[in-house]
Amino acid sequence: MADQRIAQCLQLCQQARGLQGDALAQTLDELRSNLEQLAAERNAPALDALQLNARRIIEQLQEPIITMDLTGYLTGWNKGAQNLFGYTAAEAIGQHVLFIYADEPGEPGEASADMPELFLERGDAFIEVRRRKKSGEIFWAGLSLSVLRDEDEEAVGLVAHLSEITERLSSEEKLRLHTSIIEDSDQGILITDANECIVSVNAAFSRITGYLTHEAIGQTTDLLRSGVHDADFREQVRSAMHGAGPWQGEIVGKRKNGELFPQSVSISVVRNDAGEITHAFSIFSDISVLRAAEDRMQRLVNYDSLTSLPNRTLFNKLVTQALATASRSGDYGALLAIDLNRFTSINDTFGHEVGDELLRQVGQRLRLALRDEDVLARVGGDEFVAALLSIQKREHSGIVAQKLLTALEPPFIIDSNVLHVGASIGIAVFPEDGHDTASLLRFSDVAMKRVQENGESGFLFYCAEMNQRAKEQWQLESELRHALSSQELLLHYQPKVSLRTGRIVGAEALIRWQHPVRGMVSPGKFIPVAEETGLILELGSWVLEEACRQIRAWMDAGLDMPPIAVNLSARQFDRLLPARVQAVLDRHAIQPDRLKLEITESLLVRGADEVIPIMNALVAMGLALALDDFGTGYSSLAYLKRFPITTLKIDRSFVIGVPAEENDCAIAQAIVTMGQQMRQEIVAEGVETVEQMAFLRNLGCDQLQGFLFSPPVAASDFASLVRNGVRLSLD
Ligand code: C2E
Ligand code: MG
Ligand code: MG
């Protein structure tokens, strides 16, 4: 039995080496009770050996352990005590324990100078005490005491086990700290008593609410009442102040200056020992800045910054909700896709600031023409969309569309510019045309595009046949992509003849698409699709490459061919164009005077500053520029002077009317006169009759291009015409 106990004691001694704090105290307790048992069993030799062992271990422990006799003189001082206090065992043993006390007996913070006696009365104890190190530093320590007894159970001394408490604060210090935390807090703090009267507020409270402490104290929390919350909500807050549990939420408060402000609030209560609520306190922060930022974010996410109208995101949300309601109540609805006509040219000609202001004013006019419950959004550059929710009849949306067009009729006056803009409106009706926002938007867009094709303001209702056409366009696009890579494209050449000599002086390269199933597809059909999809860039590169390849082939065959003109899309016209053209010329070893470039007026309205440097670069390379379809665009004759253009091509639409139509004759005459003044070469396009030819020749046109002489023909046919010296008869 004794052996077993000894083994256990030894084990406990071993264990104690690695332990600290409570675990150590527990192990030591266990060891002590084992030793006491052994003493009781009177196994003296074993006990002595063990006690020696235990003492050595204790001496080495990192945990501070001190032993003393019953009068308080130190009998043991281990390594841990030495580390903690700075005194060696030699310095400490024999001293009275008071030498490590921080305060004079009876001073605050000291439990009692008679502590050992006290302990003996109460049994085991754990107390917090203040002690002084050799360095003079005073610190708080946790002290646990146990009694040392002799074989006859007589108390012979005390074991003190100390641990430093670094975070210990006195109650005054605690109070001081808490008060300053409350006072300096960024959050407003308000404390009320059980009668809901304000008894304390902090500085942040005054800063946020505008009420000084003396103005708030004695008042109830109604002082801050904004009046925006309903009775239910107020009841929730009141019951939180009466102990219904902690509450957190947002309350709109009112400042002293009357301004309302959102606050994030948490409310809790304080109870006394009897569990009664003595106080309630609320901690709040002013979140108006946060709210304002959130609102701004919301606006950015949901509204168009230019017109302040809802954007596509919000529009989709609102319309989707409205459609859900409408489908329950059996109402009609309509989406109107509105696209401004000629907006791009106005933007390009007059600058973006004018363009932006125009969009703002258009938005205002459209908004005013609609009813409050209708939704109007700006969904793209010059695209608006209106949702008419709950209309009685399909036809009513047509009336609204007409109203919108009428609203746009009076000119817009911006920076003394008088601007006219029309619009194309496509209408899709719910539920006939579609049930969801996405399809209705798509269909109204299809109808709008259809109106746009006419080039005049107007509106159209969507019908299934339109969608069929839209689908065909998509089909065309994918087939065109395929055509580019599978040699279905080719160039035809239409001769230009001199109106002085009748000789061929040039040719225009015109693209042709030999479709395996559809046969020859007209560029009038696929160029617009290519323009819309951006495929025109690849297409344009192909044309340039192919024309140059052909020129080189003719040169290699020893043919003396006139210059070939290639049509350029406005989209191809960017800063890198000159370098791209140069690369193609170099690749085929062609002089620049063998090639001409035809551009259209739509390019000029982009703005002289952007376009002229590119044109100058091309001219500097030795290329000549021709202005195609002249007279159909937006640019004034005077504006034209600024561009380095060598050739004007009078559009076919004016040629058709000569010599019969007075207006057309006048226009043709004006163009020729102006071109001559600017020393530009004038080419008449689409000349089909001898009368037209004679009239234009008399006006002073330089060249003619048209079926009268030749339609566009295959490269080999054009080469034969040149080789055979075929001429236009000028008689
Ligand atoms: P455009 O550049 O104004 O070309 C002249 C168009 O008028 C050609 O139509 C030509 O065949 C047609 N034409 C010429 N003489 C007569 C005539 O006496 N009577 C009639 N009724 N028509 C005549 P095409 O080849 O169908 O080309 C139409 C348009 O497609 C071109 O107009 C041009 O804008 C565009 N296009 C054609 N090839 C290309 C190209 O390689 N690149 C680009 N970007 N556009 C091209
Ligand atoms: Mg052309
Ligand atoms: Mg033309």
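Start counting the sequence shown at 813; every next residue gets the next number (the working numbering).
C-beta atoms are modelled at their ideal positions from N, C-alpha and C, and glycine is treated no differently.
What you are looking at is a predicted structure, and each value in this text was computed from that prediction instead of being measured.
{"Query": "Alpha-carbon to alpha-carbon, GLN907 and THR883", "Result": "11 Å"}
{"Query": "heavy atom of ligand 1 below 6 Å from SER1334 C-beta", "Result": "yes"}
{"Query": "Residues of its chain near ARG1324, where Cβ-Cβ distance is below 6 Å and the 5 sequence neighbours each way are ignored", "Result": "LEU1302 and HIS1304"}
{"Query": "Close-in-space but distant-in-sequence residues of the same chain around ILE1010 (CB under 8 Å, 5 per side omitted)", "Result": "LEU1002, ILE1003, THR1004, ALA1028, ILE1029, GLY1030, GLN1031, THR1032, THR1033 and LEU1035"}
{"Query": "ILE1316: CB within 6 Å of a non-hydrogen atom of ligand 1", "Result": "no"}
{"Query": "GLU1474: first and last residue of the uninterrupted alpha helix (DSSP H) it sits in", "Result": "1474-1489"}
{"Query": "Meets three-Cβ-pair contact criterion under 8 Å: the stretch 1487-1495 and the stretch 1513-1522", "Result": "yes"}
{"Query": "For SER1381 and LEU1147, the rounded distance between their alpha carbons", "Result": "33 Å"}
{"Query": "beta-carbon LEU1322 near ligand 1 non-hydrogen atom, thresh 6 Å", "Result": "yes"}
{"Query": "Contact the stretch 1302-1322 vs the stretch 1280-1289: 3+ CB pairs below 8 Å", "Result": "no"}
{"Query": "Distance CB(VAL1187)-CB(LEU1130) smaller than 7 Å", "Result": "yes"}
{"Query": "Cβ pair GLN1384, GLY1419 closer than 7 Å", "Result": "no"}
{"Query": "7 Å CB neighbourhood of THR1025 in its chain, flanking five on each side removed", "Result": "VAL1013 and SER1018"}
{"Query": "Pick from LYS891, GLN1287 and MET880 that is closest to PRO870, judged by C-alpha positions", "Result": "A small correction: the amino acid at residue 870 is Ile; Pro does not occupy that position in the sequence shown. The residue with the shortest Cα to Cα distance from ILE870 is LYS891."}
{"Query": "Any non-hydrogen atom of ligand 1 closer than 6 Å to GLY1443 Cβ", "Result": "no"}
{"Query": "Which listed residue (PRO1340, VAL1329, ALA1235 and VAL971) has its alpha carbon closest to that of SER958", "Result": "VAL971"}
{"Query": "Distance cut-off 6 Å: GLU1410 Cβ against heavy atoms of ligand 2", "Result": "yes"}
{"Query": "Close beta carbons around GLU1497, own chain, < 7 Å, minus the five adjacent residues each side", "Result": "LYS1461, ILE1462, ASP1463, ARG1464, VAL1467, GLN1517 and GLY1518"}
{"Query": "Length of the line joining the Cα atoms of VAL1470 and ALA1429", "Result": "37 Å"}
{"Query": "With 16 other Cβ atoms within 10 Å as the buried cut-off, status of ASP1151", "Result": "buried"}
{"Query": "Segment contact flag, the stretch 1530-1539 with the stretch 1498-1510, C-beta cutoff 8 Å, min 3 pairs", "Result": "no"}
{"Query": "Opposing strand residues paired with MET1332 [DSSP bridges]", "Result": "GLN1326"}
{"Query": "Cβ pair ILE912, ARG944 closer than 7 Å", "Result": "yes"}
{"Query": "At least 3 beta-carbon pairs within less than 8 Å: the stretch 1060-1076 vs the stretch 1034-1050", "Result": "yes"}
{"Query": "Own chain, CB closer than 8 Å to GLU919, minus 5 neighbours either side, in chain order", "Result": "Its pLDDT being 43, under 50, GLU919 is placed unreliably in this model, and the coordinates cannot settle the point."}
{"Query": "Residue closest to ALA953, alpha-carbon to alpha-carbon, out of ILE977, PHE1455 and LEU1253", "Result": "ILE977"}
{"Query": "Three-way DSSP call (helix, strand, coil) for SER956 in this model", "Result": "strand"}
{"Query": "Alpha carbon of ALA1056 to alpha carbon of ASN1114, nearest angstrom", "Result": "40 Å"}
{"Query": "C-alpha distance - ASP1098 paired with GLN1075, whole-angstrom precision", "Result": "5 Å"}
{"Query": "Enclosing beta strand (DSSP E) for GLU1195 [first to last residue]", "Result": "1195-1203"}
{"Query": "Euclidean distance between Cα positions of GLU1169 and ASP1116", "Result": "14 Å"}
{"Query": "Supposed close pair ARG1172, LEU1118 - CB separation, criterion 8 Å", "Result": "6 Å"}
{"Query": "heavy atom of ligand 2 below 6 Å from ASN1153 C-beta", "Result": "no"}
{"Query": "Cβ shell of PRO928 (< 7 Å), same chain only, five flanking positions each side left out", "Result": "Caution is warranted here: a pLDDT of 47 is assigned to PRO928, below 50, making its placement in the model unreliable, and no coordinate value can be reported."}
{"Query": "Backbone CA spacing between ASP1257 and ALA1149 [nearest angstrom]", "Result": "6 Å"}
{"Query": "Inter-residue Cα distance where the pair is GLN791 and GLU1413", "Result": "No information on residue 791 is available, as it lies outside the stretch 813 to 1543 that the chain covers here."}
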